[in-house]
Ligand code: KG4
Ligand code: ZN
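Residue numbers (our numbering): 313 to 1117.
In structure tokens, the structure reads:
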């Protein structure tokens, strides 16, 4: 960087709606003001991920600004289209990290109010954002010469309900909900000029300036403006969570199935039980009341009070259960004991804790902290930013606990309790746990790199970063030009999906945006240490690579937008990688010399394929599944047995203790002569067997069922792999995908390869499931071929492996 050049530029953008709004300004620290240098709005029509970087680049050029002078990136946090907001945030996180700039978020609604202020509008204004599904995000403001005042926190409501909420008076309406509801809202006030129904870059900068002047943000403060911390505004849970909440609130016929709850979060748990966390189910209301009676004295709620509170739309409850360890449990699968709960009320951007208790016998296990973490995560998605609660003045242990969570004692509520004891009021920012990254544990895979760098490296090797977000793991890895993996990190979201019995796309996208910057930062930190290059930055990298296909669109988009922002800011080329090709390359991790032609079996929750690798980059899919994927079959059988998700690991553990010949399950297409698979018949057959046994009143032998099911899967897998090897004449056989972690399958392949005189390669367990090291290995080949993607590229849910890209 040129030392003469000031780092005083701010770049702001918003893609929460159908418009890409971008603005570039100059920050004046003396007056805390922002001078707008250029500003532009471009229609995006659901394509902001392909157009945004170009829009930013063009605007920087028109303002004659160099990327090196960017001190601060600002992005609109919504509310708006979830994907639109995430594209904005992901790009902004990448851009800020690549420029070494801070990242600040502003409300998309505030930016719109400021825009109206700028054109001279004063008085009452209501901004109405389109929330889809016949809903809107209304915010009321008062505008005077001094600026804007926001009168309510973010909420979502039906457009018809908004008519009453907005009322009818001398007020001006704006926001993109007007495109749909102008007529519906026509009696509520005057519509502003249509040019301001969407946010403008100018409005974003004015909103930023206001936050700067009020001291809420500092565009130059790297700690406060850490890109990893910024999150979107949602105002509602994902549909899966919301439906679960509604179902649980009225659940009068309990199954009390606890196996799919979130496990863990109680680090001190003794070995004979696990703690599982779930939103509170009405079936447990009586248990809550019992525990209340034990610990709350005269302030205890009874069952009716709990049942009355649960279904309210502004309430949120979580519970902790002690469940016996899976393998010690025999008959009563899923039975457990309620050992703690928390209930809260979300109002005006605050989570007010109504109830929190843990069973005295289960104290000091970290349960209360995890309950607070869980309820805070939900409250945050529902629009809360703060937490408030009352604590007995005499409960000094609790005071310390809440202070530890970052809350402060702000005063007393006299005679708050029924026994006339005073309460202290504790309040503070929502204490969402920062356990590793975004509430997820990081898995740091041991990499093969030597760690013997002695002096500060003067020459950094060529490095490639890889990002992977195609499903439910947020992963990043760094590789050097020799193919040495220098960092390999995975943040698994499994805790957030398991209770739904599978990956929930909206939750996956939400977790990716939370974790992506932190995971990438951690990778950089590790490489700095490994290479003894403390000043290494993203601009020192040779390329940034990312999985662009196939996978969940909303999840892929986060990784791609982040990678684009980072690559653009660092001035390095972007490489797109096909995820399935990554699984093939994962075999290189432990066996660098594998050479095509090879046959690869890819078996995961979403894929079942036999691939002929003719050459690196040249693939022929020999066969796939006609219905369920292998991993899916494991998961469904596990579910039928009342086991948790994912099912593969549990089934394979049970199978190890069972008799694979005990039950004859079908081996579909075993003799079909082709290389296609079909798993749904097997799955149905297992389920029918379970039903029959149960109807006959016989006790299920989980071990034999698991072993017999697994054997049926393996028989077909091995037979088809054998045919594929014979047909292609390949002398190398490789594996990939989560199911490749199955020990019995591995053993069967070992035997088969020995018989055929074929070399078997299996990725290390950690590289069978999704990871970014495998993406980095593909990217390295692409880099050597100088095959780059441009910034207009898009994700693809179904890009076939056989087509070159
Ligand atoms: O590759 P992966 O992590 O994610 C995708 O589906 O892309 O694979 C997860 C799948 C799940 O269906 C899980 O049940 C299965 O792999 N799996 C296993 C085993 N470990 C994981 N299946 C059988 N045996 C295992 N040991
Ligand atoms: Zn995968």
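The C-beta atom is built at its ideal place from N, Cα and C for all residues, glycine as well. All figures in this text were calculated on a predicted structure; none of them were measured in a lab.
- The C-beta distance from residue 866 to residue 818 rounds to 7 angstroms, short enough to meet the 8 angstroms contact threshold.
- Note that the region 687-703 touches the region 541-550; at least 3 beta-carbon pairs, one per stretch, sit closer than 8 angstroms.
- Closest in alpha carbon position to residue 1093, among 629, 370, 796, is 796.
- DSSP, read as helix, strand or coil, puts residue 433 in coil.
- For residue 591, the closest C-alpha among the options 610, 612, 563 is that of 563.
- Under the 10 Å beta carbon count, residue 973 is surrounded by fewer than 16 other beta carbons and is classified as exposed.
- Distances from the alpha-carbon of residue 836 to those of 318, 799, 811, 861 put 799 closest.
- Distance between residue 999 and residue 1011, taken at the CA atoms: about 15 angstroms.
- Only residues of its own chain outside the window of five on either side were considered, and among them 857, 859, 1087, 1090, 1091 have a CB closer than 6 angstroms to the CB of residue 889, listed in chain order.
- Relative to residue 1041, the option among 941, 926, 957, 697 whose CA is nearest is 926.
- Beta-bridge partners assigned by DSSP to residue 1044: 910, 1071.
- Remark: C-beta atoms of residue 453 and residue 392 do not approach each other more closely than 9 angstroms.
- Straight through space, the alpha carbons of residue 364 and residue 353 are spaced by roughly 11 angstroms.
- Between residue 681 and residue 1025, the alpha-carbon positions lie close to 42 angstroms from each other.
- About 18 angstroms separates the CB atoms of residue 615 and residue 633; that is not less than 8 angstroms, and the two are not in contact.
- Cβ atoms of residue 1018 and residue 966 come within 8 angstroms of each other, at about 4 angstroms.
- The beta strand (DSSP E) runs of length 3 or more contained entirely in the region 1064-1117 are, from start to end of the chain, 1071-1073.
- Residue state for residue 1015 is assigned as helix, using DSSP reduced to three classes.
- Only residues of its own chain outside the window of five on either side were considered, and among them 422, 451, 453 have a CB closer than 7 angstroms to the CB of residue 462, listed in chain order.
- Ranked by how close their Cα comes to the Cα of residue 414, the residues 533, 734, 991, 727 have 533 in first place.
- Ranking 781, 434, 1053, 1033 by CA distance to the CA of residue 962 puts 1053 first.
- Closest in C-alpha terms to residue 1047, from the list 994, 910, 425, comes 910.
- The C-beta distance from residue 428 to residue 384 rounds to 24 angstroms, too long to fall under 8 angstroms, and the pair is not in contact.
- Straight across, the Cα-Cα distance linking residue 754 with residue 825 is about 15 angstroms.
- If you check the C-beta of residue 919 against the ligand ZN, you find a heavy atom less than 8 angstroms away.
- Between residue 1113 and the set 892, 1030, 1034, 544, the nearest pair of CA atoms involves 892.
- When rounded, the separation of the alpha-carbon atoms in residue 409 and residue 1071 is 43 angstroms.
- Taking a 10 Å sphere around the C-beta of residue 389, we find 16 or more other C-beta atoms and assign the residue as buried.
- Under the three-state reduction of DSSP, residue 485 is assigned to strand.
- A distance criterion of 8 angstroms places the beta-carbon of residue 963 in contact range of the ligand KG4, judged by its closest non-hydrogen atom.
- Out of 535, 944, 447, the CA that lies nearest to the CA of residue 496 is found in 447.
- C-alpha of residue 851 to C-alpha of residue 882: approximately 4 angstroms in a straight line.
- At a cut-off of 8 angstroms, the beta-carbon of residue 891 counts as near the ligand ZN: some heavy atom of the ligand is closer than that.
- Inside the region 751-837, DSSP marks whole alpha helix (DSSP H) runs of 4 or more residues at positions 806-809, from first to last along the chain.
- Under the rule that a run must span 3 or more residues, the beta strand (DSSP E) segments found entirely inside the region 842-887 read 855-861.
- For residue 721, the uninterrupted beta strand (DSSP E) segment begins and ends at 720-725.
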